[in-house]
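Chemist:
2 protein chains.
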Amino acid sequence: MNISEPKKPRGRPSAFNYDEALQKALMVFWSRGYEGASMAELTEAMGINRPSIYAAYGNKEELFCKALEKYMVGPTAYVAAAMREPTARQVVEAFLTKSAEFLADENTPRGCMIAIGSLFSGADADQVKQALIAYRRGYETALKERFDLAKSQNDLHKSVNTADLAKYVATVHQGMSVQATGDATKEELLAVVHQALKNWPT
Amino acid sequence: MNISEPKKPRGRPSAFNYDEALQKALMVFWSRGYEGASMAELTEAMGINRPSIYAAYGNKEELFCKALEKYMVGPTAYVAAAMREPTARQVVEAFLTKSAEFLADENTPRGCMIAIGSLFSGADADQVKQALIAYRRGYETALKERFDLAKSQNDLHKSVNTADLAKYVATVHQGMSVQATGDATKEELLAVVHQALKNWPT
DNA sequence: CATATTATTTACCGTACGGTACATAATTAA
DNA sequence: TTAATTATGTACCGTACGGTAAATAATATG
């Protein structure tokens, strides 16, 4: 009786793969935003009928949040990688440079789902908006804490306000996201990054 | 027979003031975005019935565009004023500082309608999205031309890429708009501006 | 086999959406 | 007063929305 042996489920087996379908939903939310993505679009992209979605993922808000988690550990994994660069300057350079490439990548929807996925709240979708605000604050805090570490290593000067610096970097990233939904090219975004990195505090 | 004498209209007079009602519509679009603002909300805020809106302003897209024009000459007049500052550095400082105050102003909706009014397009609203992209490019171009002028006056060094610099400033502004829809305070936005101005080219 | 369990399918729910037809009210011109 | 003109109010259009009830199909267990 192996404890790691997966019990066979009793009823009719699922005809779709949970993660694959969620990945499809992610792409829809990413390209259309929360409000802009309709259940009709989602069902078609996911290739399963509506009641199956509700049974497997819950309602639209929960589906969005589950897709968001997939987004965090997948497409935006480069952010965590950037944090591990040896110096604060290199962290930011990696973060923003990779962001420029990511946001304007032609193989994925333009812009960052977390930055601009739902800026307004239609009273109902307030939970989604608040979740996104929390995520944004999350990686801003991660930047700040990385800068605090840099300060303790004399990598950043003691006079630097790490919270302000983190908010600045996050703001540039969010602005780049807006630019990416327009017609900004990767090269233009990289030029913005170059400008933002001039005179980095030491 | 004075030519400037306004002819009295023939039929039943309007029961509402065109500009006042449009101003109300503007506030709704500003706070909810294009997609998020429903005709029901608009009619209630404007205080007139739906057929009167369609008769006076056209459909929802046209109403949005008319409200946008009002936004341009009203709330965002500070942008044009900033352009008239004597030096490029002062132009940007005025633009971003005033933006920080504007975006987080508690008496108006948070964020900039042009920057984030409609980032996604639900196929139908593509015209609105494209209009906003054009407006964004408009003030980015205005910045670039102001920087070109500064270059010709030896206010900015010849080596400066004015297009890149303008895009950088626009990006910071758009990022601040996203921040403002979250919980960023005026003071935090001003700290971002301070950070963004540190690396100003000379 | 029968039974319990789970997933899928179809068809539908109530509501809100943007937009409009139509009758009526208010005004000017004749 | 009558006709022409314009705006208003009511009531409605078709459609799309997010979400679900209920019947059916597919599997495991006994």
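As you go down the protein sequences, you meet chains A and B in turn. Going by full-length UniProt numbering, the residue at position 7 of the first sequence is 7; the numbering climbs one at a time, nothing skipped. Going by full-length UniProt numbering, the residue at position 34 of the second sequence is 34; the numbering climbs one at a time, nothing skipped. Every residue, glycine too, gets a C-beta built ideally from N, C-alpha and C.
Would a C-beta distance cut-off of 9 Å place A125(A) and T141(A) closer than the cut-off?
Modeler: Their beta carbons are not under 9 Å apart, which means A125(A) does not touch T141(A) by this criterion.
Chemist: Please indicate yes or no: does the CB of V160(B) lie closer than 8 Å to some heavy atom of the ligand HEM?
Modeler: In the structure shown, the ligand HEM is absent, as is every other ligand, since no ligand is present at all.
Chemist: Sort K186(B), G117(B) and Y168(B) by Cα distance to V35(B) and report the nearest one.
Modeler: Looking at the sequence itself, residue 35(B) is Glu, so the reference to Val does not match. The shortest C-alpha separation from E35(B) is found at G117(B).
Chemist: Classify R84(B) as helix, strand or coil using the three-state DSSP reduction.
Modeler: Of the three classes helix, strand and coil, the one that applies to R84(B) here is coil, per DSSP.
Chemist: Is M1(B) close to chain A? Criterion is C-beta to C-beta, closer than 9 Å.
Modeler: Residue placement at M1(B) cannot be trusted, given a pLDDT of 43 that sits under 50; what the coordinates show is reported in the next sentence. So, not an interface residue.
Chemist: What is the rounded straight-line gap between the Cα of G47(B) and the Cα of A21(B)?
Modeler: Approximately 7 Å, taken between the alpha carbons.
Chemist: Would you mind giving the Cβ-Cβ distance between V91(B) and A100(B), rounded to the nearest angstrom? I have them listed as a contact below 8 Å.
Modeler: Wrong, their Cβ atoms sit about 15 Å apart, outside the cutoff.
Chemist: With DSSP collapsed to three states, give me the class of residue 247(B).
Modeler: The structure shown does not extend to residue 247(B), since chain B is modelled only from 1 through 202, so no value can be given for it.
Chemist: Let me know the alpha helix (DSSP H) ranges lying completely inside the UniProt DNA-binding region "H-T-H motif" (38-57) of chain B, each 4 residues or longer, listed in chain order.
Modeler: Listed in chain order, the complete alpha helix (DSSP H) runs (minimum 4 residues) inside the UniProt DNA-binding region "H-T-H motif" (38-57) of chain B are 39-46 and 50-57.
Chemist: Is Q179(B) helix, strand or coil when you go by DSSP?
Modeler: Helix.
Chemist: Would F95(A) count as contacting chain B if we go by Cβ distances under 9 Å?
Modeler: No, because no Cβ of chain B sits closer than 9 Å to the Cβ of F95(A).
Chemist: Taking the C-alpha atoms as reference points, what is the distance between L26(B) and A94(A)?
Modeler: Computed Cα separation, rounded: 40 Å.
Chemist: A15(A): buried (16+ other C-beta within 10 angstroms of its C-beta) or exposed?
Modeler: Result: exposed.
Chemist: Just to confirm before moving on: does the CB-CB distance between A45(B) and K24(B) stay below 9 Å?
Modeler: Yes.
Chemist: Kindly indicate which residue of I53(A), P86(A) and A196(A) has the alpha-carbon position closest to the one of G175(A).
Modeler: Looking at the Cα atoms, A196(A) is the closest of the given residues.
Chemist: So which residues on chain B does A196(A) lean against when the C-beta distance must stay under 9 Å?
Modeler: Going along chain B in sequence order, the residues near A196(A) (Cβ under 9 Å) are Y168, T171, V172, A196 and N199.
Chemist: Indicate whether the contact test is met: 3 or more Cβ pairs, each with one atom in the stretch 58-73 of chain B and one in the stretch 155-174 of chain B, closer than 8 Å.
Modeler: No contact exists between the stretch 58-73 of chain B and the stretch 155-174 of chain B.
Chemist: Which word fits K198(B), buried or exposed, when buried means at least 16 other C-beta atoms lie within 10 angstroms of its C-beta?
Modeler: With fewer than 16 other Cβ atoms within 10 Å, it is exposed.
Chemist: Please state whether the Cβ-Cβ distance between A180(A) and L103(A) is less than 9 Å.
Modeler: Yes. Within cutoff.
Chemist: Under the three-state reduction of DSSP, which class applies to K24(B): helix, strand or coil?
Modeler: If DSSP states are grouped into helix, strand and coil, K24(B) belongs with the helices.
Chemist: State the Cα-Cα distance for the pair M39(A) and L96(B), rounded to the nearest angstrom.
Modeler: Roughly 40 Å between the two C-alpha positions.
Chemist: What is the DSSP secondary structure of A125(B), counted as helix, strand or coil?
Modeler: Coil, per DSSP.
Chemist: Rounded to the nearest angstrom, what separates V73(B) and R32(A) at their Cα positions?
Modeler: So the alpha carbons of these two residues sit roughly 31 Å apart.
Chemist: Give, in chain order, every residue of the stretch 180-191 of chain B whose Cβ lies closer than 8 Å to some Cβ of chain A.
Modeler: For the stretch 180-191 of chain B, which is checked against every Cβ of chain A, the residues closer than 8 Å are T181, G182, D183, A184, E188 and A191.
Chemist: On the criterion of 16 or more Cβ atoms from any shown chain inside 10 Å, does R146(B) qualify as buried, or is it exposed?
Modeler: Buried is the call here.
Chemist: Apply the 10 Å Cβ neighbour rule to A88(B) and answer buried if 16 or more other Cβ atoms are within range, or exposed otherwise.
Modeler: It is buried - the Cβ of A88(B) has at least 16 other Cβ atoms within 10 Å.
Chemist: Between the C-alpha atoms of V164(B) and A170(B), what's the straight-line distance to the nearest angstrom?
Modeler: As written in the sequence, residue 164(B) is Asp, which differs from the Val given in the question. Approximately 10 Å, taken between the alpha carbons.
Chemist: Is the shortest distance between the beta-carbon of A131(B) and the beta-carbons of chain A less than 9 Å?
Modeler: Not an interface residue.
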